[in-house]
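A.B. asks: One structure coming up, written as C-alpha cells, with questions to follow.
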Amino acid sequence: MIHLVPSIFIHFIFILALVNGEQDSIYDILKAHGLPMGVLPKGITRFEFDDTGRFEVQLDQACNAMFESELHYDRNVSGTLSYGQIGALSGIASQELFLWFPVNGIRVDVPSSGLIYFDVGVIFKQLSLSLFETPRDCTTIRESGDLIRDGKLLAESIEKNSRAKLGYELDQERFGRKEI
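Just so you know, the sequence shown maps onto residues -21 to -1, 1 to 159 in mature numbering (1 follows the signal peptide of the UniProt record, and there is no 0).
Written out as C-alpha cells, the structure reads:
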C-alpha cells in the first residue's frame, strides 16, 4: 500500500502536467519514478508514456554506452515503469565476456544503497547507481543487418577456401600417383 501512494501521486502530477500542456522529458519521468536519468542514453528523438506506466523511446540510431560493462541500446527501447523499477524491458542488452544478454528489467531497491540491478536472465547484475546519474553519450554501431550480411560473407569465404584447399589436396594426390 505504501508503494501505491507514491505511484498514484506521480501519475497525478504527470496528468496535471499534461493538462497544463507541459510534458516532462523522459528523464524527468524516470526521476519521478525513483530511477536515475542515465539508464537511457542521450539521443532520444521521441518518446511516449501512458497512464499504465508503459513507455517507448526512439533513439536516432542504435548505439552502445560504456559503464562498468558495455550496454547496447536498440533504436527502440520500451518497458513498463513503476516506482524504482522498469519491467518488461526490451531494446537493451548487456555485454559479459564477449556475449550479449538481453536486459529484462532494471531495479533500484533503496536509492541510499547506491546500487542498481539489471535483470539479465538468470542473474541480477549489480552496478553502482552513481554510474547512471546523467545520460551517457552513445557511440554509433553498425546495424545488425550489416553484421549478419558480413557474417554470411565471411562464412561463404571460409566455405570457398575450404573447398579450394580440398580440391588442391585431391589434385596433389592424383598428380603424385602414377597410372599404369
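For every residue, glycine included, the Cβ atom is placed at its ideal position computed from N, Cα and C.
(1) So with Cβ pairs under 8 Å, would you call Leu19 a contact of chain B?
(2) Kindly list the residues whose CB is nearer than 6 Å to the CB of Ser136, restricted to its own chain and excluding five residues on each side of it in sequence; keep chain order.
(3) Do Gly58 and Ala72 count as a contact pair if the criterion is CB distance below 8 Å?
(4) Find the nearest neighbour of Ser110 within the set Gly13, Leu9, Val18, Ile5, judged by alpha-carbon distance.
(5) Residues in the same chain with beta-carbon distance under 7 Å from Glu27, minus the five sequence neighbours each way, listed in chain order, please.
(6) Taking the beta strand (DSSP E) that Leu38 falls in, what are its first and last residues?
(7) Rounding to the nearest angstrom, what Cα-Cα distance links Glu49 and Pro20 in this structure?
(8) Measure the alpha-carbon distance for Asp55 versus Thr118 and round it to whole angstroms.
(9) Please look up how many angstroms separate the CB atoms of Phe80 and Gly63, rounded, as I've assumed it's under 8 Å.
C.D. replies: Reading off the structure:
(1) Annotation note: the requested chain B is absent from the structure, which comprises a single protein chain.
(2) Reliability of the predicted coordinates at Ser136 is poor, the pLDDT of 47 falling under 50, and the value obtained from them is presented with this limitation in mind. Counting only Cβ-Cβ distances below 6 Å, and skipping sequence neighbours, we find nothing.
(3) no
(4) Correcting the residue identity first, residue 110 is Leu in this sequence and not Ser. Nearest of Gly13, Leu9, Val18, Ile5 to Leu110, Cα basis: Val18.
(5) Phe34, Glu35
(6) 33 to 38
(7) 12 Å
(8) Residue identity check: residue 55 is Asn in the sequence provided, not Asp. C-alpha separation (whole angstroms): 16 Å.
(9) So it is not a contact: roughly 22 Å between Cβ atoms.
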